[in-house]
Structure formats: structure tokens, C-alpha cells
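Take a look at the structure set out below.
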Amino acid sequence: MPPKTLDFYPTSDLHSSPSFYPTSDFYRLSDLAGRLCEDAFFSIAGLLSDALLLIFVVELQSFRPPSPADYGPPDLRRLSTTVFPTCVTR
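Residue numbering for the sequence shown follows the working numbering, starting at 14 and increasing by one per position.
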């Protein structure tokens with residue numbers, strides 16, 4: 014019985030890289046995908062910070078004290094009362 018040899022690759026392929034190693038195209042695509050994901054993350058983070066700033070400014074504006082003009086047209090507002098000092102005698 015002849016001895017068994019364990020050859021995983023034929024002898025003609027010993028000097029070529031096996032197919033399961035990534036090629037330079039794979040690394041190029043992987044780098045592009047990584048940069049796109051990173052850019053998307055920074056875009057989302059930037060939009061989120063802009064939205065939070067906008068919410069803060071809107072909320073800040075809503076807490077300002079109301080002015081008399083906020084209550085309606087001038088003809089519906091009561092005119093200021095003038096008090097005249099008088100002398101009452103008995």
C-alpha cells in the first residue's frame with residue numbers, strides 16, 4: 014500500500030495565494046464602505062446636535078415673559094387707571 018500524502022493544494026498552486034485571502038479590490042471596497050459609514054455617522058451626529066440646539070432655542074424663546082401685546086388688540090386692553098388725589102372733609 015502506498016503511503017498517503019496530505020496535499021491541500023496542487024503543486025502548481027503552491028506559489029500563488031489561496032483564494033480565501035482578500036484581494037486589493039476587497040480592501041479598497043472595505044475602506045470605501047468604512048469611510049461611508051464614518052461619514053454617515055458624523056452627518057447624523059451633526060444633524061442631531063443641530064436639532065438639539067434648535068429645540069433649546071425654541072424652548073428658550075417660549076419662556077420669555079409675555080408682553081401686553083400678547084393679550085390681544087389694543088382696543089380690547091383696559092386703559093390704565095389714573096387716580097386723582099382728593100380731599101374729603103366732614
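We treat Cβ as the ideally placed atom computed from N, Cα and C, and that holds for glycine.
Three-state secondary structure (DSSP) of residue i
i	result
Tyr22	Only weak support exists for where Tyr22 lies, its pLDDT of 49 falling under 50; the value from the coordinates is given anyway. Residue state, collapsed to three classes: coil.
Phe39	helix
Cys50	helix
Val96	coil
Sequence-distant residues of its chain with Cβ nearer than 6 Å to residue i (five each side left out)
i	result
Val70	none
Own chain partners of residue i with C-beta closer than 8 Å, once the 5 adjacent residues on each side are dropped
i	result
Val96	none
Neighbourhood of residue i by C-beta, 7 Å cutoff - its chain only, sequence neighbours within 5 removed
i	result
Cys100	none
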